[in-house]
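Residue numbers (my numbering): 1093 to 1415.
Beta carbons are placed, not taken as given, at the ideal position from N, Cα and C, and that holds for glycine.
This report concerns only the one structure given below.
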């Protein structure tokens, strides 16, 4: 097989930084990126300034054609993409369900890089739910896409350990590296016709539902273990927080202190340079890094040096159930 035959013509679909990492690997490979499909430009949270998606920014850098259809279900809006006659579409966190006509448009099909070990954690937030549930392992699964969400045949998997201090952000970095290399391996196997697709076991399916900002409010009537996982799972988004005097205080890091002592749930037991200790339903949550609105993220050690009186020993933090 000569080098020319080894080059696969690709349409890439993706939106966030996770997708951009995969795209950059493909751009620097021997394969050919004909076009990029990404979500429409939207205003950012600060200043309401319209910004490019990370994938579009990278595409512009390498002068690759970019397509941002408003209605992906409309064949008219995808005419240019279809006319490129690509061999395959590679989808990484595009964020929109693709229509059947696109899934069937490429000789080598559409393949998707998913951040879990399928069939476990199908859906929008697989990394977050793996951390929330205290799992010790996740990974990358590459599937042949079909109409049902994340249900296609498995082409390749790579496991990845979840460490005790891992956040969604840190796992995204690890999985983006793993996925970027895995996609090259899969393309080689497809080229060599050595892929053996595996049907997913529907009896083992779990779903990673979308997250909301409301889920980030800390409820001290759960255990310190659950809250600590939540803080890591929701970093960087939607974030975790408590409210004191109508001020939303974001929590960025905490640890569990095992204790048989029972104070009132939500009671601040101690404040020192090591953290703010709060009684939960089980054990104590020691908050180590926080952010007050309009301020930078600070360690509690630096925060108490400001002599801010938001937190006081024996104060009871009101809590509500997470909806």
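Integer Cβ distance of residue i from residue j, believed to fall under 8 Å
i	j	result
residue 1361	residue 1370	7 Å
residue 1264	residue 1110	5 Å
residue 1236	residue 1201	5 Å
residue 1260	residue 1232	Incorrect: roughly 15 Å between the Cβ atoms, too far for contact.
residue 1323	residue 1118	Contact doesn't hold; Cβ gap of about 34 Å is too wide.
residue 1330	residue 1303	6 Å
residue 1178	residue 1126	5 Å
residue 1255	residue 1319	Contact doesn't hold; Cβ gap of about 18 Å is too wide.
residue 1345	residue 1380	4 Å
residue 1160	residue 1132	5 Å
residue 1108	residue 1222	Not quite, the Cβ-Cβ distance comes to about 18 Å (not below 8 Å), so this is no contact.
residue 1403	residue 1368	5 Å
Counted within 10 angstroms of its Cβ, other Cβ atoms place residue i as buried (16 or more) or exposed
i	result
residue 1268	buried
residue 1205	buried
residue 1234	buried
residue 1247	buried
residue 1388	exposed
residue 1093	Because the pLDDT of residue 1093 is 42, which lies under 50, any placement of that residue in the model is unreliable, and the number read from its coordinates should be weighed accordingly. Exposed is the call here.
residue 1400	exposed
residue 1292	buried
residue 1113	buried
residue 1392	buried
residue 1103	buried
residue 1405	exposed
Nearest candidate by alpha-carbon position, reference residue i, set the options
i	options	result
residue 1190	1240, 1312, 1142, 1368	1240
residue 1061	1375, 1407, 1100, 1334	This structure gives no information on residue 1061, because the portion of the chain shown stretches from 1093 to 1415.
residue 1171	1182, 1197, 1367, 1309	1197
residue 1106	1183, 1155, 1335	1183
residue 1270	1209, 1145, 1135	1209
residue 1353	1366, 1374, 1151, 1344	1374
residue 1385	1363, 1396, 1343	1343
residue 1277	1250, 1363, 1187	1250
residue 1098	1124, 1367, 1120	1124
residue 1272	1103, 1121, 1102	1121
residue 1394	1262, 1365, 1332, 1358	1365
residue 1326	1309, 1356, 1315, 1316	1309
residue 1128	1141, 1145, 1140	1145
residue 1335	1363, 1151, 1306	1306
residue 1351	1312, 1142, 1258, 1316	1316
residue 1356	1242, 1153, 1313	1313
- Message: Between the stretch 1292 to 1311 and the stretch 1207 to 1214, can you find at least three pairs of beta-carbon atoms closer than 8 Å?
- Response: yes
- Query: How about the stretch 1329 to 1339 and the stretch 1275 to 1293: do they share at least three Cβ pairs that are nearer than 8 Å?
  - Reply: no
- Would you mind listing the alpha helix (DSSP H) stretches within the stretch 1198 to 1257 that are 4+ residues and don't spill past its ends, in chain order? 1218 to 1224
- Message: Threshold first: 4 residues or longer. Then list the alpha helix (DSSP H) segments lying entirely within the stretch 1251 to 1326, N to C.
- Response: 1260 to 1283, 1316 to 1325
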